[in-house]
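Note sheet for the following structure.
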Ligand code: SF4
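Numbering (our numbering), first residue to last: 677 to 1083.
The following block contains the structure:
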C-alpha cells in the first residue's frame, strides 16, 4: 500500500494542489492553445496528436518552431494526407527519429480513407486504430482533446510517481510500469483529465527534474514520500517512509542498492543499466562541381525507404568495417563513388577533411569525411537510387539529417 494512493482524501488533495499550480504556472505552448480553442473535435485531436508525436524524445523548445510550421502547412488531417513523404521529411529534417513523421502521415491517410476523416475518440480506439499511436499517445489525445478520464505515463510521469511513492525498483520493468499506469488512472482528475495529465508532465519537466529537483517549490511535496524521507533522514526512523521490509517487495529499491542518503529524492527512479550503443564508422564524400552560374553544387543521394534515416538525403556514404586501414578506407569509398558517377575515381584524389561524430539513440556513428572536386560534367545514372546536385541553400532546405548538416 505504501507504493500506491489508496486514501481518497489524499488523492483529492493532490489533484487540487497540482491543478492550482498548473493554472498558475503552466507554460504557454501553441498546442495547448489549439487544444482549448479549436471548436472542431477532429482538428483538436489532430493538433494534440501532432504535438505528442513531435515531443517524443525531443525537447519542447525544439519542437515549438517545427510544430508551428507543420500546423501552418497542414492544418488538418486531410491536408496532411495529401502531402508527399518528401515534403514531410523536409519539414521534419533536424527533428530526429524520422520515422515518426512518416508514420504520422501514414496514419493520417488511414483516418481519411478508412475512418471518413473522423478521429477515434477514446484511448482504446486511438491505440487500436491508429498505426504508431501507443498507450501513452492514445491516453494523451483522449484526455486532452476529448476529456476522457484516463491517465498517461511518460518519462516525466515515471519520475514524479516513483518519487511520490518511493518506487526504487527498475522503472522499466513490467511490474513497475503496470503499477504506474494503475496509479495514473487512479490519480487523474475526473473533471479536468487533460489538464491534470499535462500538469503531472509539466511538474516533471519543470520542477521534479532528473538531477536537481526544486522540491522547495513543489506543489505536491506534502504527498511525496521521497521528499519526506529525505527531510527526516535515516535516523530517527519514520515508519511510513521506510522501505517495505525484508527485500521481497518488487517496488522497493533492491536490497543490494538501498537508499543512498547523499542522493536524496534522486534515489528515484532507478533504471537498469542501458545497453551500450552500437559503434559504427561510415565514410562519406562531399562531391563538388561548379554549377551553371559558377556557384558550387554538391551531390546528394537518397537513402533507402526503410531502416535508419529512411528516405532522407545524404552525401554518398559507405558503412565501413571496424579497424580498416585508412588506405583501404579510401579505396572502398573510391569504388563506391565510381558506381554513382559512372567514371573512375582515384583514391588518392580524395581529400580527408575530418571526422564528425553523431549520436543516434542507439548508434555511436563516426563519419569519416572526404571531399572531391570534379571537373567537367557528370551524368548521373538514373538506374541507381535518386540523386541530385544542390547548392548549399538547396541542401539546407532538403530532407537531410542533422548528422549530414554537421558533415
Ligand atoms: Fe519531485 Fe521533490 Fe516534488 Fe517530490 S517533492 S514530487 S521529489 S519535486
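Yeah, the Cβ is synthetic: ideal placement off N, Cα and C, and Gly gets one too.
Values in this document were obtained by computation on a predicted structure and should not be read as measured data.
So, residue i versus residue j, is the Cβ gap smaller than 8 Å?
i	j	result
residue 992	residue 977	yes
residue 958	residue 996	yes
residue 710	residue 689	no
residue 781	residue 761	yes
residue 974	residue 1071	yes
residue 1047	residue 1033	no
residue 732	residue 776	yes
residue 830	residue 948	no
residue 744	residue 1075	no
residue 835	residue 901	no
residue 823	residue 772	no
residue 729	residue 798	no
residue 980	residue 971	no
residue 759	residue 750	yes
residue 837	residue 694	no
residue 852	residue 843	yes
residue 815	residue 783	no
residue 687	residue 839	no
Is residue i near the ligand SF4, judged by its Cβ being under 7 Å from some heavy atom?
i	result
residue 787	no
residue 902	yes
residue 850	no
residue 995	no
residue 840	yes
residue 833	no
residue 896	yes
residue 889	yes
residue 829	no
residue 701	no
residue 977	no
residue 925	no
residue 836	yes
residue 941	yes
residue 961	no
residue 883	yes
Can you name the start and end residues of the beta strand (DSSP E) that residue i belongs to?
i	result
residue 961	954-966
residue 973	972-978
residue 993	993-996
residue 1063	1063-1066
Identify the residues that DSSP records as bridge partners of residue i: which are they?
i	result
residue 1027	1047
residue 1034	1041
residue 989	978, 1076
residue 678	For residue 678, which the question treats as bridged, DSSP gives no partner whatsoever.
residue 946	846
Output the boundary residues of the alpha helix (DSSP H) element that contains residue i.
i	result
residue 775	775-790
residue 687	684-701
residue 1016	1002-1017
residue 801	799-805
residue 815	811-822
Is residue i close to chain B? Criterion is C-beta to C-beta, closer than 8 Å.
i	result
residue 822	This model lacks chain B altogether; it includes just one protein chain.
(message) If we require 4 or more residues per run, which alpha helix (DSSP H) segments fall completely within the segment 839-917?
(response) When DSSP assignments are scanned along the segment 839-917, the uninterrupted stretches of alpha helix (DSSP H) that are 4 or more residues long and fall wholly within it turn out to be 850-863, 869-882, 901-908.
(request) Entirely within the segment 705-770 and at least 3 residues each: give me those beta strand (DSSP E) ranges in chain order. (result) none
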